[in-house]
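One structure is given here, and the rest of the page talks about it.
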Amino acid sequence: MKLLTHNLLSSHVRGVGPRGFPLRLQATEVRINPVEFNPDFVARMIPKVEWAALLEAADTVPKGPIEGYEHDEKFLRQMHHVLLEVDVLEGTLQCPESGRLFPISRGIPNMLLSDEETET
Amino acid sequence: MDHEAAQLEKQHVHDVYESTAPYFSDLQSKAWPRVRQFLQEQKPGSLIADIGCGTGKYLKVNSQVYTLGCDYCGPLVEIARSRGCEVMVCDNLQLPFRDQGLDAIISIGVIHHFSTKQRRIRAIKEMARVLVPGGQLMIYVWAMEQKNRHFEKQDVLVPWNRALCSRLFADSSQPGRKQPCAHSERSHPYHPPCSVCSCSVCFQEQCHSQRSHSLDYEPLMARMCCADISKGGEEENGFSNTLGKSFRSWFFSRSLDESTLRKQIERVRPLKNTDGWAHSTISIQPSPHASLDSGPQEPFSTREQNLDEDVFVEMSQKQLEWPRAPATMKHLCGDQQGEVRRNGDGNFLEGANTSENGMNAGDVEEGPPSAGRILRRISALDSTDSNPEETISVEDQQPNVLDSRAFMRYYHVFREGELYGLLKEHVAELHVLSSGNDHGNWCIIAEKKDNCD
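Listed in order, the protein sequences are those of chains A and B.
Read in order, the letters of the first sequence correspond to residues 1 to 120 in the UniProt record's numbering.
Read in order, the letters of the second sequence correspond to residues 1 to 453 in the UniProt record's numbering.
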């Protein structure tokens, strides 16, 4: 699971609503997956990122988009690495409101809930 | 009601996909060109989700966008992951996404697996919720109106055809896995090879005859048909490039099957309603196997039922260990049906445990030995001097290793206008941009309105 994916994920446990975001990430196994750097692609992603969630999930992230980031290759490469190359293979995602844990195994988050847990 | 719906879907959607996932191959999951086009038209840097991604055939169509694959079926998701896709396991009815985070969503052959109208609406509303305003949603569902087959009812159980087996390519010498060819699946009679690209699966001729609500679709498809196929070849290690001549001859040989079988297909046995369930039963669609009882010489490997999976996977005698007797499938499909009643508001479920009764695995152990003859063709891919005409008969010697009941998939096939009506009446947050028919699917593109939620 990439951190860009994590940035989109939210808990849908019943009653939690928007407080289900962001999920708290606990990674027990991480791999770095080289991905071809596409500065245009990364630049377009930046405005879509929920930065607070990203800061929670990743250690070495700039505090926010810097001015002129579209042309700042160093910044873009850093973001590229964090968003696209860090791959969480094993770990958990925790709902911040309910505490419910969603597992990540073999790089795949499992977001299924039981009937009792889901919103109606 | 909702619980029963979930139970039915568990048995006749989720469990089936889970059990049959190992048999899936890239070949049989066709990438519809119109869907590929939709994905390619998204702006670079878009965040896109394929809800119901299966093995991930659409996840790498556009390298300029970020595409997430989501599916309820773990094994299918694992396959997609093994191909390097970013995927997760989740439920269409409770998408684990924050509101308004995605630029586009595709839902290809998914909504028709929901067994009640309310659930279908919920699925669509969930996808609308996670779209940004202005974001687009593309939905494909099976149409009730088909050229080659006849759905008696809208709620049907369709047998799974075990000819869809990945073995054919397991022994291929290709290192790693190649992406499937971009050729779109056809649910219509075979068309002669396209004169433009000499691809026998090209549906260019078909394009012009497509019924469609929106005129956009016809010229669009005609135009992009062959172009996409050649482009698809470059982008995705085009299947036809990989296999070349033998591939084309394989497809050609498939056509011979189809033409001899057309009569067979049209004789699909109508289902009789048992007393007391006169108007509201699910139909079990007879599988091609069902018509094998009419004689020992019918070629086995035809498949006109499945719209999103390829018709043929042909296998050599060596490769094939064919454990299954069609007799039981025939017996199952032909003589019994799901005893499920449809009630007034379009939900076909009433009461619990209704779908179980129609298919009792215990009944299907016996079958006349003569009905067990399976015919299959020598794979053109295997033999250097392929002879498409040759058929082999195989004795039904082996026990039934598959519970036929478990592999009936539930579909709610849509009538013309039904999908459109569903969005118009129940999903106010979406505005329909276009709708039409694509190879036996009703399709819609809708846009999330501004100032919603």
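Glycine residues also receive a C-beta, built at the ideal position from the N, C-alpha and C atoms.
For the segment 57 to 73 of chain A, the beta-carbon criterion of a distance under 8 angstroms to any beta-carbon of chain B is satisfied by none of its residues. Residue contact with chain A for residue 432 (chain B): absent (no Cβ-Cβ distance below 8 angstroms to any residue of chain A).
Per DSSP, reduced to three states, the secondary structure at residue 105 (chain A) is strand.
Residue 55 (chain B) and residue 431 (chain B) have their C-alpha atoms spaced approximately 30 angstroms apart. Ranked by Cα distance from residue 114 (chain A), the first of A:108, A:106, A:102 is A:102. Close to chain A, meaning a Cβ-Cβ distance shorter than 9 angstroms, are the following residues of the segment 34 to 68 of chain B: 43, 44, 45, 46, 47, 49, 63, 64, 65, 66, 68.
The shortest CA-to-CA distance from residue 81 (chain B) to any of B:112, B:59, B:99 is the one to B:59. Residue 28 (chain A) is positioned such that its CB atom lies no closer than 8 angstroms to that of residue 67 (chain A). Here residue 80 (chain A) carries a helix assignment [DSSP, helix/strand/coil].
DSSP places residue 58 (chain B) outside any alpha helix (DSSP H), giving it a letter other than H or E.
DSSP places residue 12 (chain B) within a helical segment (H, G or I) once states are collapsed to three. At a beta-carbon threshold of 9 angstroms, the residues of chain B lying near residue 45 (chain A) are 45, 47, 66, ordered along the chain. The beta carbons of residue 77 (chain B) and residue 87 (chain B) sit about 5 angstroms from each other, so the pair counts as a contact at 8 angstroms.
Distance check between residue 56 (chain A) and each of A:75, A:82, A:14 places A:82 closest, using alpha-carbon atoms only. Burial state of residue 32 (chain A) is exposed, judged by a 10 Å Cβ sphere holding fewer than 16 other Cβ atoms. A direct Cα-Cα distance of roughly 11 angstroms separates residue 48 (chain B) from residue 70 (chain B). Taking 8 angstroms as the threshold, the shortest C-beta distance from residue 91 (chain B) to chain A falls below it. Annotated as proximal: residue 34 (chain B) and residue 438 (chain B), with beta-carbon spacing under 8 angstroms. Residues of the segment 74 to 104 of chain A with a C-beta atom less than 7 angstroms from some C-beta of chain B do not occur. The Cβ neighbour count for residue 122 (chain B), taken over all protein chains shown within 10 Å, is at least 16; the residue is labelled buried. For residue 71 (chain B), the uninterrupted beta strand (DSSP E) run begins and ends at 66 to 71, by DSSP. The beta-carbon distance between residue 118 (chain B) and residue 415 (chain B), rounded to whole angstroms, is 18 angstroms. This is too long to meet the 8 angstroms contact definition. Bounds of any beta strand (DSSP E) do not take in residue 30 (chain B), whose DSSP letter is neither H nor E. Apart from the 5 residues on each side of it in sequence, residue 442 (chain B) sits with its Cβ closer than 6 angstroms to the Cβ of 141, 143, 414, 419 in its chain, given in chain order. Taking C-beta atoms as the reference points, residue 11 (chain A) and residue 116 (chain A) fail to come closer than 8 angstroms. Against chain B, a Cβ distance below 7 angstroms from residue 10 (chain A) picks out 96, 97, 98. A direct Cα-to-Cα measurement between residue 409 (chain B) and residue 18 (chain A) gives close to 35 angstroms. With fewer than 16 other CB atoms across the displayed protein chains lying within 10 angstroms of its CB, residue 60 (chain A) is exposed. With respect to residue 85 (chain A), residue 34 (chain A) sits close: the two C-beta atoms are nearer than 8 angstroms.
Any Cβ of chain B closer than 8 angstroms to the Cβ of residue 39 (chain A) would place that residue at the interface, and such an atom is absent. Around the beta carbon of residue 96 (chain B), a 10 Å sphere encloses 16 or more other beta carbons of the protein chains shown; the residue is thus reported as buried. When 9 angstroms is used as the limit between beta carbons, residue 34 (chain A) is near no residue of chain B, the shortest such separation being about 12 angstroms. In this structure, residue 146 (chain B) sits away from residue 421 (chain B), with a CB-CB distance that is not shorter than 8 angstroms. Looking at the backbone, the Cα of residue 436 (chain B) and that of residue 72 (chain A) are separated by about 45 angstroms. Under the 8 angstroms criterion on CB atoms, residue 101 (chain B) is classed as interfacial with respect to chain A.
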